[in-house]
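Below: the structure, in structure tokens.
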Amino acid sequence: MMEFINSPEAKAIGLPFSQAVRVGDVLYLSGALGNRPGTLELVPGGMEAEARQTMENIGAVLKENGLSFADVFKCTVMLADMSKWTEFNKVYVSYFDPDRLPARSAFGANGLALGAQVELECCAYIGKPR
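Counting with the numbering used here, you get residues 1 to 130 for the letters of the sequence shown.
Now the structure itself:
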């Protein structure tokens with residue numbers, strides 16, 4: 001079973017990908033940026049603000065699917081500047097139980113969509129009954 005998932009806000013922007021795709025018991029979330037929901041405008045305020053909005057955007061997709069950050073088991077972080085890794089991590093870890101941090105990869109990118117400083121994609125387990 002595959003299910004392609006987009007909120008009405010995401011559909012309105014008309015991006016060429018789904019917010020998430022469910023395949024069996026796994027929800028694969030597309031990379032999220034620190035943009036204001038329903039727009040292509042990044043939040044002002046630097047890495048901390050973008051990281052927080054990125055996490056909130058992921059949280060919204062999880063919530064729409066009956067999930068939370070507790071269901072996330074793998075993340076991939078893309079940073080436009082690896083020297084901002086520590087700044088990103090300060091925000092990132094505040095969204096997870098310290099004893100249940102997802103497996104994670106992080107790498108530097110030579111530019112991200114919209115000129116973002118960070119992009120984050122996640123996988124979450126959706127198989128358990130809610």
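No residue lacks a Cβ here, since even glycine has one placed at the ideal position from N, Cα and C.
Identify the residues that DSSP records as bridge partners of residue i: which are they?
{"i": "Gly108", "result": "Leu79"}
{"i": "Val72", "result": "Ala124"}
{"i": "Val61", "result": "BP columns for Val61 are empty, so no partner."}
{"i": "Ala103", "result": "Lys74"}
{"i": "Ala20", "result": "Ile5 and Leu29"}
So, for residue i: in the same chain, excluding its five sequence neighbours on each side, which residues have a beta-carbon less than 8 Å away from its beta-carbon?
{"i": "Phe73", "result": "Pro102, Ala103, Cys123, Ala124 and Tyr125"}
{"i": "Ala60", "result": "Ser7 and Pro37"}
{"i": "Val93", "result": "Leu101"}
{"i": "Asn57", "result": "Ala32, Leu33, Gly34, Asn35 and Pro37"}
By the three-class DSSP mapping on this structure, what secondary structure does residue i have?
{"i": "Glu56", "result": "helix"}
{"i": "Leu27", "result": "strand"}
{"i": "Met47", "result": "helix"}
{"i": "Glu41", "result": "coil"}
{"i": "Asn6", "result": "coil"}
{"i": "Val89", "result": "Here residue 89 is Asn; the residue named in the question, Val, does not match the sequence. The answer is helix: DSSP assigns Asn89 an H, G or I state."}
{"i": "Ala116", "result": "coil"}
I'd like to check one pair, residue j with residue i: are the Cβ atoms closer than 8 Å?
{"i": "Leu112", "j": "Ala80", "result": "yes"}
{"i": "Ala32", "j": "Val91", "result": "no"}
{"i": "Met78", "j": "Val21", "result": "no"}
{"i": "Met47", "j": "Glu3", "result": "no"}
Note down, in chain order, each residue of its chain lying with its Cβ closer than 7 Å to the Cβ of residue i, except the 5 sequence neighbours on either side.
{"i": "Asn6", "result": "Ser18 and Gln19"}
Suppose the cutoff is 6 Å on Cβ atoms and the five residues either side in sequence are ignored; what does the same chain contact list for residue i look like?
{"i": "Thr76", "result": "Ser105 and Glu121"}
Touching by the beta-carbon criterion (3+ pairs, under 8 Å), the segment 97-107 and the segment 22-39:
No, because fewer than three Cβ pairs between the segment 97-107 and the segment 22-39 fall closer than 8 Å, the two stretches do not touch.
Should the segment 119-127 be regarded as contacting the segment 20-34, the criterion being three or more beta carbon pairs within less than 8 Å?
Output reads yes: the segment 20-34 touches the segment 119-127.
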